Amino acid sequence: MVYLTRKAEFSASHYYHNPSFSQTENERIFGKCNNPNGHGHNYTLEVTVKGGVDPKSGFVVDLKQLKEIMNSEVLEVLDHRFLNKEVPEFASKIPTTENIAIVIWERLAPKLKAAQLHCVRVYETPDLFVDFYGEK
Amino acid sequence: MKAHLTRRYMISASHRLHSDEMSNEENRTIYGKCNNPYGHGHNYMIEVTVSGPVNEQTGMVCNIVTLDDFVLQNVIERYDHQNLNLLADFKKDVPTTENLCIAIYEIVKRGFREAHLEKVRIEETMMNSFEYAGGAERS
């Protein structure tokens, strides 16, 4: 089994708000992230896939295909967007780094054929990142 | 859905690697430059990884502010800008980064209740890093 990681970057804005909480609770739990006008980050995405090495190509996965899937499923959807308002999954889900990693996994996993998705890592800043391994 | 959340922190501290259980010559042989009697320092980059179910109400494994407050009060204030050899934590143990990693892991494991501690990873320099995820700690 070999693991291969491909990086990408996207920039997006978001805010944290749960309509079932009172405004006071939202402010207490989410702090500055609750500002309804949003704020943004430069996110770094690391997608790790795993699989056997194909004896003919020497590849775990065709990087060009992986890159195309990441572009169409993730970057075109998230890059330079206001996540709460423009990405359907975040109409009902708070766009925390945890949920962004989960959404990216759910978008990528069904599209990958040869290799299996191992980990989606999302850096919100260089000091804060989330790993999602598809665990329920 | 279970996710892992990692936060990076920085401390600066000095240490000297020297074991009273060995002769001065053995210490010099084993620890080399790190045995310099006056000590030396590093910028340690500490990564704390916690895990747990992503709360459906908040979208979070744990509130990052709570984790930051805990690490600031219990780890950073304890070690930042200190000579590690002079701290009670390292009266018995040599303040190698292995032992610092274990000490920090144990502080977080004992005191932080908001999520499950997965591991502590420390970069002593850009070239060296250490991680501890619990388990048999000393031979």
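Note that the protein sequences, when read in sequence, are chains A and B.
Residue numbers for the first sequence follow the numbering used here, beginning at 1 and rising by one.
Residue numbers for the second sequence follow the numbering used here, beginning at 137 and rising by one.
Glycine included, every Cβ here is placed at the ideal spot set by N, Cα and C.
In this text the structure is predicted, and so the values were computed from the model without any measurement.
From the DSSP output, in three-state form, read off residue i for me.
i	result
A:G16	One detail in the question is off: residue 16 of chain A reads as Tyr in this sequence, not Gly. Note: A:Y16 maps to coil in three-state DSSP.
B:F226	helix
B:R249	coil
B:G168	helix
A:K64	helix
B:T185	strand
B:V197	coil
B:N219	strand
Evaluate residue i with the Cβ neighbour count: other Cβ atoms within 10 Å of its Cβ, from every protein chain shown; 16 or more gives buried, anything less gives exposed.
i	result
A:E76	exposed
B:T261	exposed
A:K93	buried
B:G195	buried
B:A239	buried
B:E259	buried
B:P231	buried
B:H140	buried
A:N35	exposed
A:Y15	buried
Pull up the DSSP beta-bridge partners for residue i, would you.
i	result
A:F129	A:Y123, B:T142
B:H176	B:H151
B:F266	B:I258
A:L45	A:A8, A:V122
Measuring CB atoms only, is the stretch 179-196 of chain B touching the stretch 244-260 of chain B, in the sense that at least three cross pairs come out at less than 8 Å? yes
* To do: Could you say if the stretch 147-163 of chain B and the stretch 207-221 of chain B meet the contact criterion of at least three C-beta pairs nearer than 8 Å?
  => yes
* Along the stretch 177-194 of chain B, what residues have a CB closer than 7 Å to any CB found in chain A? -> V190, Q193, T194
(Q) Taking beta-carbon pairs under 9 Å, can you tell me which members of the stretch 79-96 of chain A lie near chain B? (A) K93, I94, P95, T96
Handout entry: Segment contact flag, the stretch 148-167 of chain B with the stretch 192-207 of chain B, C-beta cutoff 8 Å, min 3 pairs
Key = no
- Taking a Cβ distance cut-off of 8 Å, strictly less, list which residues of the stretch 194-207 of chain B are near chain A, in chain order. T194, G195, M196, V197, N199, I200, V201
**Message:** Any contact between the stretch 122-135 of chain A and the stretch 95-105 of chain A? By contact I mean 3 or more CB pairs, one from each, below 8 Å.
**Reply:** yes
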